[in-house]
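For reference, the structure discussed in these notes is given below.
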Amino acid sequence: MSDTPRREENAAARRAVFFDRDGTLNEEVGYVDELSRFRLYPFAAGAVRQINQAGLLAVVLTNQSGVGRGMFPEELVGMVHERLRSEMQFAGAQLDAIYYCPHHPAAEVARYRVACACRKPSTGMMEQAAARFGIRLEESYVIGDRYLDIEMAHRAGARGVLVRTGFGQGEWEIFHANGSWQPHHVAENVYEAVQWILARTK
Numbered sequence: 027m028s029d030t031p032r033r034e035e036n037a038a039a040r041r042a043v044f045f046d047r048d049g050t051l052n053e054e055v056g057y058v059d060e061l062s063r064f065r066l067y068p069f070a071a072g073a074v075r076q077i078n079q080a081g082l083l084a085v086v087l088t089n090q091s092g093v094g095r096g097m098f099p100e101e102l103v104g105m106v107h108e109r110l111r112s113e114m115q116f117a118g119a120q121l122d123a124i125y126y127c128p129h130h131p132a133a134e135v136a137r138y139r140v141a142c143a144c145r146k147p148s149t150g151m152m153e154q155a156a157a158r159f160g161i162r163l164e165e166s167y168v169i170g171d172r173y174l175d176i177e178m179a180h181r182a183g184a185r186g187v188l189v190r191t192g193f194g195q196g197e198w199e200i201f202h203a204n205g206s207w208q209p210h211h212v213a214e215n216v217y218e219a220v221q222w223i224l225a226r227t228k
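Using my numbering, the first residue of the sequence shown is number 27, and each one after it goes up by one.
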């Protein structure tokens with residue numbers, strides 16, 4: 027599912043940076059089941075602002091299975107994303123779109139109990155964004171703190187950057203020696219990840 031994008035759809039093919047949300051742009055606190063638990067990293071807006079300035083699309087993709095598990099209502103996801111947009115805009119950064127997946131194959135809430143194509147590491151959310159904005163996925167990037175973000179990037183033909191914030195450091199220690207899908211780069215945080223990306227898109 028998606029929140030309303032900031033810009034109009036563009037028929038011209040473009041490149042994008044796909045950002046994970048929790049643990050990448052904002053602090054990993056388990057489930058953001060209350061608005062007060064949402065805390066944006068201080069370096070996150072600067073990272074998105076640089077993507078804006080480079081003319082790349084900035085798109086957020088996030089699994090929110092807490093909805094399907096009955097831990098919080100779907101309306102809260104929208105409220106969190108309004109807060110995310112507001113804090114970004116205050117710092118001069120813009121998100122072009124936010125996509126989220128509330129499903130889980132074992133969800134407690136029946137209408138969310140779906141083996142969907144949008145839940146990461148499936149590529150459904152990337153494909154939705156690509157169809158809307160004309161994004162060339164093979165020339166795009168994914169930044170996240172989980173290996174499922176990296177797997178999604180590989181499946182879509184994009185490049186994946188793992189950040190050490192959130193679950194990133196732990197996942198790197200567990201999977202870097204034997205995981206099937208490895209990141210193209212490992213960065214300390216999303217700001218450093220963006221610097222690596224921009225050095226390769228100039």
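Glycine included, each C-beta is placed from N, C-alpha and C at the ideal position.
For clarity, every value in this text was computed on a predicted model and none was experimentally measured.
Indicate whether at least one CB of chain C lies closer than 8 Å to the CB of residue i.
i      : result
Gly192 : In summary, chain C is missing from the structure at hand, where a single protein chain is found.
If we call anything under 8 Å between Cβ atoms a contact, is residue i one with residue j?
i      : j      : result
Met178 : Lys146 : yes
Val212 : Arg190 : yes
Ala219 : Ile169 : yes
Val187 : His210 : yes
Tyr167 : Ile124 : no
Leu61  : Val86  : no
Ala143 : Met114 : no
Val93  : Val58  : no
Arg75  : Ala132 : no
Leu163 : Gly150 : no
Tyr67  : Asn215 : yes
Ala119 : Tyr217 : no
Leaving out five residues on either side along the sequence, give the residues of the same chain with a beta carbon under 7 Å from the beta carbon of residue i.
i      : result
Ala90  : Note that residue 90 is Gln in the sequence shown, not Ala. Cβ within range, chain order: Val103, Tyr126, Cys127, Pro128.
Thr88  : Asp46, Arg47, Asp48, Tyr126
Ile77  : Val43, Ala84, Val220
Ser112 : none
Glu165 : Arg41
Ala80  : Leu224, Thr227
Glu35  : Because Glu35 carries a pLDDT of 48, less than 50, the predicted location of this residue cannot be relied on, and no value is offered for it.
Ala156 : Leu163
Provide the residue(s) that pair with residue i in DSSP beta bridges, ordered along the chain.
i      : result
Asn78  : DSSP lists no partner for Asn78.
Ala42  : Leu83
Leu188 : Gly170, Val212
Leu66  : Asn52
Ile161 : Arg40
Between the Cα of residue i and those of the options, spot the shortest distance and give me the residue it belongs to.
i      : options                        : result
Thr50  : Arg40, His202, Arg65, Thr227   : Arg65
Arg41  : Ile161, Tyr217, Ile223         : Ile161
Arg172 : Ala157, Glu153, Val86, Gly192  : Gly192
Pro99  : Tyr138, Gly194, Arg109, Leu110 : Tyr138
Val135 : Leu110, Phe69, Arg95           : Arg95
Leu82  : Leu174, Phe159, Glu101, Trp198 : Phe159
Ser148 : Gln195, Glu197, Lys228, Leu174 : Leu174
Starting from the C-beta of residue i, find all residues in its chain whose C-beta is less than 8 Å away, skip the five residues before and the five after it, and write them out in chain order.
i      : result
His180 : Gly186, Trp207
Glu54  : Asp48, Asp171, Thr191, Gly192, Phe193
Arg109 : Leu61, Phe64
Phe69  : Asn215, Val216, Tyr217
Glu197 : Asp171, Arg172, Tyr173, Leu188
With a threshold of 6 Å on Cβ separation, who are the neighbours of residue i within its own chain once the five nearest residues in sequence on each side are excluded?
i      : result
Val140 : His129
Ala37  : Summary for Ala37: the model assigns pLDDT 41, below 50, so the residue's position carries little reliability; its value from the coordinates is reported in the next sentence. For Ala37, where only same-chain residues beyond five positions count, the Cβ hits under 6 Å are Gly160.
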